[in-house]
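Asks: Here the sequence shown is numbered in my numbering, starting from 231 and rising by one per residue.
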Amino acid sequence: MSVRKYLESKPLSTLAKYDTRADLPREAVPFSGTPRKHPYDDEKMLIVLDPFSSNTMFHEFQIDDIVHVDDLPHRVTESGESIGMVKIWVKRGSIGMQYQPFEVSDPLKFFRDSEILRQAVSEDGR
231 MSVRKYLESK PLSTLAKYDT RADLPREAVP FSGTPRKHPY DDEKMLIVLD PFSSNTMFHE
291 FQIDDIVHVD DLPHRVTESG ESIGMVKIWV KRGSIGMQYQ PFEVSDPLKF FRDSEILRQA
351 VSEDGR
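What follows is the structure, given as structure tokens:
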């Protein structure tokens, strides 16, 4: 599965868990970013941590492990592109996956250093 498939996943709009418990920070850990639907598993979701960063990274979680969701202000680029942001609270002890695309080389080249990787995930795909 290509990195582009993950980054182009549709926005996840079905998250609607709300919890007002004061002890939430003891039960869960917050992650902020842009929620995305998992490209092939409806029981999982992705959160792109900093969608406008030059060093793209995202996490994968089981939707059942999310105990609370807070809406955050939208982020807007200089060109006017807007993207929704949330803070999800994931149950402590849950298993998550962290993805960080890189170019195989010696040494490894991460997004900010790899022209090949930037082209692979760019809008036009060239």
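Think of the CB as a built atom: it goes at the ideal place given N, C-alpha and C, for glycine as much as any other residue.
Where does Asp271 sit, in a helix, a strand or coil, going by DSSP?
Replies: In this structure, Asp271 counts as coil in the three-state DSSP scheme.
Asks: Between the stretch 291–301 and the stretch 249–268, are three or more C-beta pairs nearer than 8 Å?
Replies: The stretch 291–301 is in contact with the stretch 249–268.
Asks: Taking DSSP as the reference, what is the three-state secondary structure of Gln292?
Replies: Three-state result, Gln292: strand.
Asks: Check each candidate in Lys274, Pro281 and Asp253 and name the one with the smallest Cα separation from Thr264.
Replies: That would be Pro281, whose Cα lies nearest to the Cα of Thr264.
Asks: Below 8 Å, how does it come out for the stretch 305–319 and the stretch 328–345: are there three or more Cβ pairs, yes or no?
Replies: With the cut-off at 8 Å, the stretch 305–319 and the stretch 328–345 do not touch.
Asks: Rounded to the nearest angstrom, what separates Val316 and Lys267 at their Cα positions?
Replies: Looking at the two C-alpha atoms, the distance is approximately 14 Å.
Asks: Which word fits Ser255, buried or exposed, when buried means at least 16 other C-beta atoms lie within 10 angstroms of its C-beta?
Replies: It should be pointed out that residue 255 corresponds to Pro in this sequence rather than to Ser. Pro255 is exposed by the Cβ-count criterion.
Asks: If we count the other Cβ atoms within 10 Å of its Cβ and call it buried at 16 or more, is Ile277 buried or exposed?
Replies: Per the 10 Å Cβ criterion, buried.
Asks: Going by DSSP in three states, Gln330 sits in which element: helix, strand or coil?
Replies: Gln330 falls in the coil class under three-state DSSP.
Asks: DSSP state of Leu347, grouped into three classes?
Replies: If DSSP states are grouped into helix, strand and coil, Leu347 belongs with the helices.
Asks: Is Arg342 helix, strand or coil when you go by DSSP?
Replies: Residue state, collapsed to three classes: helix.
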